[in-house]
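Number of protein chains: 2
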Amino acid sequence: MIREIAILTIDPSRAADFEAAVAKARPLFEASADCLSFALERVVETPGSYRLVVGWASVEAHMEDFRGSENFQKWRALAGPYFTRPPEVVHTEQVI
Amino acid sequence: MIREIAILTIDPSRAADFEAAVAKARPLFEASADCLSFALERVVETPGSYRLVVGWASVEAHMEDFRGSENFQKWRALAGPYFTRPPEVVHTEQVI
């Protein structure tokens, strides 16, 4: 498994609506058999900063299959309007 | 539970030694009853970039108790020599 870690930045005054939008979008990720986990985390020190952490079977499952899907467009339609800067995405694999 | 996410950056040519040093340091974290999980993750896109992900009972358990302990000094003695820039640390709490 690899993990997508996306830094998402929003206007903190819209936090409740943003979190509701991500909750609504969750099934769009989980519809993929290659989506193995899904979490949204709030950064304690910085209101409006979040980490979307999604487990995928492979980098390709995320970057090619999911990003090329209609569900990705729906995700971006739900969450994208809240972003105040472009998401920054990395993929990690566990060492320890 | 909150999670410490630390961005650790090293010279990629020293990756094997660094990963061994972190494995050796792991018990220094787990000696704390407030340390609830421990993982080191490698960033797929950027050799030498890692995420140290540690679950803590609270921010204070990490920033005050652990950072004030002798075990924190031992951790930094083991891993610090590999860092090519200062670690960047945030704490997150799960929303979804």
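For the protein sequence lines, the chains are S and W, in the order given.
Just so you know, the working numbering puts the end of the first sequence at 165, numbered straight through with nothing missing.
Just so you know, the working numbering puts the end of the second sequence at 165, numbered straight through with nothing missing.
Where a beta carbon is used, it is the ideal one built from N, C-alpha and C, also for glycine.
Quiz item: Is it true that the CB of residue 130 of chain W sits closer than 8 Å to the CB of residue 101 of chain W?
Solution: Yes. Within cutoff.
Self-check item: Which listed residue (W:116, W:98, W:155 and W:121) has its alpha carbon closest to that of residue 139 of chain W
Solution: Residue W:98 is the option with its Cα nearest to residue 139 of chain W.
Self-check item: Of the residues S:157, S:163 and S:112, the one placed nearest residue 81 of chain S, counting alpha carbons only
Solution: Comparing alpha-carbon positions, the option among S:157, S:163 and S:112 lying closest to residue 81 of chain S turns out to be S:112.
Quiz prompt | Proximity to residue 89 of chain S [Cα-Cα], best of S:151, S:104, S:73 and S:157 | solution = Among S:151, S:104, S:73 and S:157, the Cα nearest to that of residue 89 of chain S belongs to S:151.
Practice problem: Specify the secondary structure class of residue 114 of chain S as computed by DSSP and reduced to three states. | Solution: Correct three-state label for residue 114 of chain S: coil.
Quiz item: With a CB to CB cut of under 6 Å and the five nearest residues on each side skipped, what residues in its chain are close to residue 77 of chain W?
Solution: Close CB contacts of residue 77 of chain W within its chain, under the 6 Å cut and outside five residues either way in sequence, are with 119, 121 and 156 (chain order).
Quiz item: Using a Cβ-Cβ cut-off of 7 Å (strictly less than) and excluding sequence neighbours within five positions of residue 83 of chain S, which residues of its own chain qualify?
Solution: The residues are 151.
Quiz item: Relative to the C-alpha of residue 91 of chain W, which residue among W:123, W:105 and W:158 is closest?
Solution: The shortest Cα separation from residue 91 of chain W among W:123, W:105 and W:158 belongs to W:123.
Self-check item: Boundaries of the beta strand (DSSP E) in which residue 158 of chain S is found, first to last residue
Solution: Where residue 158 of chain S is concerned, the enclosing beta strand (DSSP E) stretches over 157-163.
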